[in-house]
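Everything below concerns the one structure shown next.
Number of protein chains: 2
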Amino acid sequence: MTSTPTDTRRAHPSGRRHLPDAPLLAAAEGRRPRHRPVWFMRQAGRSLPEYRELRATTGMLESCFNPDLVCEITLQPVRRHRVDAAILFSDIVVPLKAAGVDLDIVAGVGPVIAHPVRTAADVRALPRLVPEQVTPISDAVRLLVDELDQTPLIGFAGAPFTLASYLVEGGPSRNHEHTKALMHGEPETWHALLGALADTTIAFLQAQLAAGVDAIQLFDSWAGALTEADYREFVMPHSERVFAEVANAGVPRIHFGVGTGELLGAMGEAGADVVGVDWRVPLDVAVGRVGPGKALQGNLDPATLFAGWDVVEREVGKVLAAADRALEAGAIGHIFNLGHGVPPDTDPEVLTRVVDLVHRS
Amino acid sequence: MTSTPTDTRRAHPSGRRHLPDAPLLAAAEGRRPRHRPVWFMRQAGRSLPEYRELRATTGMLESCFNPDLVCEITLQPVRRHRVDAAILFSDIVVPLKAAGVDLDIVAGVGPVIAHPVRTAADVRALPRLVPEQVTPISDAVRLLVDELDQTPLIGFAGAPFTLASYLVEGGPSRNHEHTKALMHGEPETWHALLGALADTTIAFLQAQLAAGVDAIQLFDSWAGALTEADYREFVMPHSERVFAEVANAGVPRIHFGVGTGELLGAMGEAGADVVGVDWRVPLDVAVGRVGPGKALQGNLDPATLFAGWDVVEREVGKVLAAADRALEAGAIGHIFNLGHGVPPDTDPEVLTRVVDLVHRS
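Top line first, the protein sequences correspond to chains A and B.
According to the UniProt record's numbering, the first sequence holds residues 1 to 361 in order.
According to the UniProt record's numbering, the second sequence holds residues 1 to 361 in order.
Have a look at this one:
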């Protein structure tokens, strides 16, 4: 590989790309971005006709382990919307599948685990991921880094609690009853489970970092079901270890969960550089919970996208205004995003217009 | 009907029972209860084998319009658990069904509306409830008041926003996209819809009050999907009117929604005497959001009920301790409850033990 003064790829001492002008990285690191960065959770997905076409004949898990498909699907929203970040197309359960857990992703249901994990013996039998098991994902990251030019690539992983909820419940759950019963009723088994899952998450993220991702986002999708006290006792130490173990990569670490208004401070303390905020908490309120010195990401209500452009424009304006107040109150940066994933039936034209609107702000 | 000095039924000037010693009413009104009152949302339901037996051959809506069944189902948890309140067995959509909206409750799905309400014409065509349409429910209340001795009966109604979400979406919804699109995109139509639904809710509650309920609870089950700004602009005026229109009954008005941590202050301001709190916000934090002068209801995480008695006992203790701090901080009373409804597969023995534990506290 040749490197010239204008070719910034792989120029960083770590072997990682050096992207000093990327607005996403500037905002995450407290530098002044040339425009407000914006990307969307689930931007690579069913809202895009080109995605639906590609996925028509290929199952979700199969897609996630096909480097060319992962690369193409990850690039689609970057090409279409000109967002300021690509996020690796993947699924929360990919590292579990790779490690050998018997599971499938069932359309209309979500992940289904063949043998739920509910006892100490189940936890002992749980395989831990070794990096070689996610070679297709590492390959996809390498393909993407070569294709993405100056756009940063965000690595993707589920946090230990959310992985645990899938494993213990056997699939998606509304009330997380088995999970919380294990957590409260058998704390030793619980901590052993979350420790094992933290190992897997660390291995998954380190594989992505070694292949060149420019930031990571740790999704604790279900953490909002917990009280802050339970989060701090049973979950935070494990998420903290994940963040600590990837700190030496020197890339921004983003943390997000939906419905986590009560947990924003703790989720920041766990080691995030950027705290993602769902739409329920205005960013100028969120900064008070997170404290100064971190960047915030969010938080347009995704349902707004269906209310017509005038409403979208007004609501984006409100988010930007709240973000500006958060910046005055000590947040070091703002990355515009939705407060949750892109709904599948979103008109992608609206997303493209939101990107333009945020960039012009 | 005979009345003796010891028969307090119907002794109140309003014709309503006078229950000065009922712990629930004392706590709600800022008087000192002889023990801490406790009841459970969805206490009359699938957790009870006697309920499952009664309902085996009768559909949900059919049950809700059968006075004898409503009476029996409402009494079951009072007999079994010795809770401090009965709550009228009903469903959010009962007044809509009674008014003539074409809907059904489908097992495993929830309410399904034949023709979703999405236009100004749909709203104009929406029937409003007249009290005669809920005669079976009024009859059930009268049966219950005669059966309940000193235990208060809480009336039941859904708040306008939650009713609107069912009508606009056509059934239960995760993201309330159509609802929010109507709310933001066509505010006049929205307010007309919520006005009509407030009329129906008021008529439904007034029918229950006229028949003798001792308190009411207004469930805004889905309000937690809203930002506080949207709640205050699009929802609160209508809930406020509901509370105002039933104020002259002089009974405690309880307000609850799940995931409403950001809305607790506004939901109190809407006119509630008692604010129900989901499990995510400790009661000593909730009091700061609600402000002094109101009672709080809640808020054991229902998932705790599956974690074994030692855990239940410890977690109940934490709720009681937080409630005591809330009382010191200005809450005028505490009504123990779960932070959400009783999960269907709860062991009812555990609920009975929780009642005893709270009473001994």
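Note that CB positions come from ideal geometry on N, CA and C, so glycine has one too.
Asked	Found
At a CB distance below 7 Å, what residues from the segment 257 to 269 of chain A approach chain B? Give them in sequence order.	G259, G261, E262
Count the CB pairs spanning the segment 245 to 262 of chain A and the segment 25 to 38 of chain A that are closer than 8 Å, and state whether there are at least three.	yes
List the DSSP bridge partners of V112 (chain A).	A:D104
Return yes when the Cβ of I335 (chain B) is within less than 9 Å of the Cβ of P37 (chain B), no when it is not.	yes
CA-CA distance, M41 (chain A) and W279 (chain A)?	13 Å
In the structure shown, what three-state DSSP assignment does Q208 (chain B) receive?	helix
Rounding to the nearest angstrom, what Cα-Cα distance links V168 (chain B) and R118 (chain B) in this structure?	6 Å
Output, in chain order, the set of chain B residues within a Cβ distance shorter than 8 Å of P237 (chain A).	Residues of chain B passing the Cβ test: none, with the nearest at roughly 19 Å.
With a Cβ-Cβ cutoff of 9 Å, do A211 (chain B) and S138 (chain B) count as a contact?	yes
In its own chain, which residues sit with a C-beta less than 8 Å from the C-beta of P23 (chain A), not counting the 5 before and 5 after it?	P33, R34, H35, R36, P37, D84
If you measure beta-carbon to beta-carbon, which residues of the segment 180 to 191 of chain A are closer than 7 Å to chain B?	K180, A181, H184, G185
What does the alpha-carbon distance come out to for the pair A198 (chain A) and R174 (chain A)?	23 Å
Are the Cβ atoms of G271 (chain A) and T201 (chain A) separated by less than 9 Å?	no
Within a Cβ cutoff of 6 Å, which residues of the same chain sit near H81 (chain B), ignoring the five residues on either side of it in sequence?	L351, T352, V355
I need the DSSP call for G217 (chain A), collapsed to helix, strand or coil.	The sequence shown places Gln at residue 217 (chain A), rather than the Gly named in the question. Reduced to three states, the DSSP call for Q217 (chain A) is strand.
Cα-Cα, which of A:E313, A:D214, A:D345, A:T151 is closest to R360 (chain A)?	A:E313
Let's test the definition: count the other Cβ atoms within 10 Å of the Cβ of N337 (chain A) and tell me whether it reaches 16, buried, or not, exposed.	buried
For R17 (chain B), tell me which candidate among B:D220, B:E315, B:V213, B:F65 has the shortest Cα-Cα distance.	B:V213
F219 (chain B) CB to nearest chain A CB: under 9 Å?	no
Tell me whether T74 (chain B) is buried or exposed, calling it buried when 16 or more other Cβ atoms sit within 10 Å of its Cβ.	buried
Can you tell me whether DSSP reads A157 (chain A) as helix, strand or coil?	strand
Along chain B, in chain order, which residues have C-beta atoms closer than 7 Å to that of H176 (chain A)?	A303
How would you label E132 (chain A), buried or exposed, when you count the other beta carbons within 10 angstroms and need 16 or more for buried?	exposed
Compute the Euclidean distance between the alpha carbons of V316 (chain A) and V358 (chain A), then round it to the nearest angstrom.	8 Å
In the DSSP assignment, what are the bridge partners of A295 (chain B)?	B:V274, B:G333
Note down, in chain order, every chain A residue with its Cβ under 9 Å from the Cβ of T201 (chain B).	The contacting residues do not exist; T201 (chain B) stays about 23 Å from chain A at best.
Would you grab the beta carbon distance between A307 (chain A) and A181 (chain B) for me? Rounded to a whole angstrom, and I think it's under 8 Å.	4 Å
Could you check if P282 (chain B) is buried or exposed, using at least 16 other CB atoms within 10 Å of its CB as the buried criterion?	buried
Looking at the strands, I want to know which residues DSSP matches up with I254 (chain A).	A:Q217, A:V274
Cβ of V112 (chain A) less than 9 Å from any chain B Cβ?	no
Classify A86 (chain A) as helix, strand or coil using the three-state DSSP reduction.	strand
Can you name, in chain order, every residue of its own chain whose Cβ lies under 8 Å from the Cβ of D7 (chain B), other than the five neighbours on each side?	For D7 (chain B), the predicted structure reports a pLDDT of 44, less than 50, and the residue's modelled location is therefore unreliable. A value from the coordinates is still provided. The answer is none, since no qualifying residue turns up.
Which residue comes first and which comes last in the alpha helix (DSSP H) that contains F243 (chain A)?	236 to 245
So if I threshold CB-CB distances at 9 Å, which residues from the segment 267 to 296 of chain A count as touching chain B?	W279, R280, V281, P282, V285
Would P5 (chain B) be called buried (16 or more neighbouring beta carbons within 10 Å of its own) or exposed?	Below a pLDDT of 50, predicted positions are generally treated as unreliable, and P5 (chain B), at 39, falls in that range; no measurement from the model is reported.
Could you confirm whether any beta carbon from chain B is found closer than 9 Å to the beta carbon of D91 (chain A)?	no
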